[in-house]
Each structure stands twice: as C-alpha cells, then as structure tokens.
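So the structure is just underneath, and the comments pick up after that.
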Amino acid sequence: MTPRKGAQLLKALANPRTAVMLPLGFASGLPLALVSDTLRMWLNETGVALASIGIFGLVGLPYTIKFLWAPVMDRFVAPWLGRRRGWMLVTQVGLLVGIVTVALAGATHLLWLLGVLALVVAFLSASQDIAFDAYRTDVLEAEERGFGAALSVTAYRLAMLASGGFALFLADHIGFERTYLVMAGLMTLGIAGTLLAPEPAEAPPPPRSLRQAVEGPMREFFSRHAAVWLLVLILLYKIGDAFAGFFTGIFLRDLGFTLTEIGVVYKAMVLAATLAGALLGGILMVRLGLFVSLLLFGALQAVTNLVFVVLAVVGKSYALMVVSVALENIAGGMGTAAFVALLMSLCDHRYTATQYALLSALAAVGRVFVGYPAGLLADAVGWGLFFSATFVAALPGLWLLWYLRASVVEAPLPAQARS
C-alpha cells in the first residue's frame, strides 16, 4: 500500500461522515422485522388465523413504492437540521412513537388497529430509508462511499438481527409487548446519530416546485450518455447472486442437512460472512476505486457460485458447506458495498432522494422476479447445472460494466449537478 493510499484508508476509518453511518444504518434496519417476520410470529402466538396473518404481508407495501413520495422529501425541507437530517429526525421520532403504540395496541387484541399502526410504522420506516439514503449519498465524498456503504450495510444487518432473532428471544422471556418497547428504545441510537451527524459540505437548493421534483430527476438522468444501458447494468449486476441465493437453503436441505443445521449454521454463517464481506469490500474500495471494485467483486460473486457445484457433486459435507456459504456471502457482501456506492455515485444532489429511491427499486426487481425462472431451471437441470447457470447469469452484467467503464461508471456528474 502506498503512503497516499494508506492515508486515504485511515481518513475513511476515522472520518465522522463515515462513522455516523453505523447508528444511522442501524436505525434504518431496525423497523423492518418489527412489521414483518417478528410481527407475524407475534400474531401466530396469539392465535390469529393464518389467512389473517397473510393479509399483514401487505404492511410491507410502502417499502416497494417509496419512490412515489420521495419527490416530496426532495422538494420540501424541514425547519430544523437541514434538508436531509430534518426528515431523518421526523421519521425516527415517529418510528419510536409508532413502535411504542404497536406494543400498546397488541395488548388490546384489536387486529385492525394493529394492522393500521404497523402500516404507519412501515411508511415511516420507508420514509426514513429515503432520507437516510439521500443523506448518505450527499454527505460522503467519492473516496468514502465504499467504506460508508459497508458500514451502513453492516449496521442495517445487525439491526435486522436485533429486531428479528434477538427480539424473538426476548419475547420468549418478557413477552412481545415489552419486547417492542425495548426495540422502540433502540431507535434512540438513530436519533442520536442524526443529531450528531455533520451536514453535507455542498447543499444545492431543493427543486423550486413539486413538479420539478418529479420531472427533474428523470430528465437529468436520461440526459446522460448511455443512461438506458446503465439501468440495464443495475438490473444485471447482482442477478447471478440473486439466482444462487434464492434456493440455497432448499439445496442444502436436499443434500441432507437438518433444519437445525440450516437454521443455525447456515443462517449464522450467511450473516457473519455478509458482514465481513461488506466491511472488507468497503476497505478495499478505498484503495481500488469504484470501477475496479465493481469489476473484481462482481467476478468474485460469479466465481464463488461455482463452489456450490462442487458441493452438489460431493454431497453432504459440513466443512464444504461452511466454506461454500462463507465464500459466496463474503463475495456477495463485497459486491453489495460496491453496488451501493455505484448507486450513490449516479445521483444528482438536487434530486438524491428521488433518484436513489428509483434506482434502488429497479435493483430490487431482479431479486423479486428471479424466483419463478430459478425454480423452473433447478427442476429442469438439477442443482449442479443450476449453480453453473448462476455463474453464466452473472457474465452479462460484468461485460456491460466493462463496456460502460469510461463513459458512465467513472464519469463525474455534470457541473450543474454539483452546484
């Protein structure tokens, strides 16, 4: 490592702009399980019918359509803490109150009220994500984005563990109502992070009208060279990883691993390896830069899928299972850190909230719709050829990344976007 690169790494590790990503990322990830998996477990424990529990799946709708109100958060500025932090504080305080209210409503056994409150919490959570994603994009310098993204992804995953697995452990001892009160208390970490977070060095004025906030992001993005191909890249970059991950648990079950082994060993390994990969990827990005990191980490995502081919041939092997899962998720975590940094690099600071919400929604399309074709493929060719195909599925994204390397990936935003 050259002295210059070493200095960049130390700067990224010590910079308050990156350090604050930990509490803010934690606050962003905490509410998700509280309105999804943990809430469904609570309903099941109280004897709610499965059909009614299924309806609660609609509570997650705000996360998928948050781009619809992102322009409002670009256009209007809260009267405190600046353009992004003001919205973050509003949503975090609302989440604290909302989660407390969900805890109190659960004791009333009014299912409709609990559903309405959970929907409100989900809306506030999705809105917090809009504001946090915009703040992270605005405040981090180009060389800090990889490490900052890695820290926020790590904290987000830890928060999901806290409000998922740890919350169920607590509920088994103190009940769900008190558990939700504990989870509400953890939102104070995000509030403290927002109050301590620095303002972005550059603060372009918000759009002059709501119409400009809606039309401006689209007009600006499609004015760029190869804009359509860039959208295709966003769709394809993680597609091989999504294919492999969709059926990994079922694949391990077919090999003869028990549900306990899959639930404890596999799930714990996925979490640990993903966190390690995200942090490693963020650190390496300080040295490698965005394009090289995207290319290298994307190639690793593709190659590590082939380790499952070996596992499919060998059969049940604890050692090989641990190695396969570790390598695949370390590479996936590294790719995620670079991919988030890519999305941040593509946002015009005048429209960060809207553009990031739209780009991240597009990135999720592949993960949402990959299940059916993945199932057909696995049924048709078996596990060995299936995981070989996931490697092939990753190649078009890597080729497109290389094709766009000079004109899109490393290209700075127009001067007017930074003013």
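Each residue of the sequence shown is one higher than the one before, counting from 236 in the working numbering.
Glycine residues also receive a C-beta, built at the ideal position from the N, C-alpha and C atoms.
Keep in mind that this is a model prediction, so the values were computed, not measured.
Assigned secondary structure, N250 (DSSP; H/G/I helix, E/B strand, else coil): coil
What's the C-alpha gap between W347 and R275? 14 angstroms
For F481, name the three-state secondary structure that DSSP assigns. helix
Option in W304, G350 and A305 with minimal Cα separation from L293: Of the candidates W304, G350 and A305, the one whose C-alpha sits nearest the C-alpha of L293 is G350.
Considering only residues of the same chain and omitting the five flanking positions on each side of G329, which have a CB-CB separation below 6 angstroms? L359
Beta strand (DSSP E) segments (min. 3 residues) lying fully within the stretch 562-627: none
Hey, would you say V479 sits closer than 8 angstroms to T571, going by beta carbons? Per the sequence presented here, residue 479 reads as Ala, with Val not at that position. Cβ atoms of A479 and T571: not closer than 8 angstroms.
If you check the beta carbons only, do A427 and P251 fall under 8 angstroms apart? Cβ distance not < 8 angstroms, so A427 and P251 don't count as in contact.
Using DSSP with H/G/I as helix, E/B as strand and the rest coil, what is A652? Caution applies to A652, whose pLDDT of 40 falls short of 50 and renders its modelled position unreliable; the value that the coordinates give is listed next. Three-state result, A652: helix.
May I ask which residues mark the beginning and end of the alpha helix (DSSP H) holding T299? First-last of the alpha helix (DSSP H) with T299: L296 to T299.
On the premise that Y391 lies in contact with R320, defined as a C-beta separation below 8 angstroms, what is that separation, rounded to the nearest angstrom? At roughly 18 angstroms, the Cβ-Cβ gap does not stay under 8 angstroms, so R320 and Y391 are not in contact.
Are the Cβ atoms of V388 and V575 separated by less than 8 angstroms? yes
Enumerated in chain order, which unbroken segments of the alpha helix (DSSP H) with a length of 4 residues or greater are wholly contained in the stretch 300-372? 305-310 and 317-341
Count the other C-beta atoms from every protein chain shown that fall within 10 angstroms of the C-beta of I365, then say buried if there are 16 or more, exposed otherwise. buried
Does the structure place the stretch 330-340 close enough to the stretch 374-381 that three or more beta carbon pairs sit under 8 angstroms? no
By a C-beta neighbour count over all protein chains shown, 10 Å radius and 16 as the cutoff for buried, is T299 buried or exposed? exposed
By how many angstroms is the C-alpha of T414 removed from the C-alpha of W464? Rounded to whole angstroms, W464 to T414 spans 46 angstroms at the Cα level.
Coil, strand or helix - E645 by DSSP: Below a pLDDT of 50, predicted positions are generally treated as unreliable, and E645, at 48, falls in that range; the measurement from the model is reported next regardless. Residue state, collapsed to three classes: coil.
Local Cβ density within 10 Å of Y472, reported as buried at 16 or more and exposed below that: By the 10 Å Cβ count, Y472 comes out buried.
Inter-residue Cα distance where the pair is L639 and D489: 40 angstroms
If A566 and G512 are in contact, beta carbons under 8 angstroms, what's the gap, nearest whole angstrom? With a contact defined as Cβ atoms closer than 8 angstroms, A566 and G512 qualify at about 6 angstroms.
Going by the CB atoms, is the gap between M256 and A588 shorter than 8 angstroms? no
Taking the alpha helix (DSSP H) that Y391 falls in, what are its first and last residues? R380 to L396
Inspect the beta-carbon positions of A573 and G516 and report whether they are closer than 8 angstroms. Yes, they are a contact pair.
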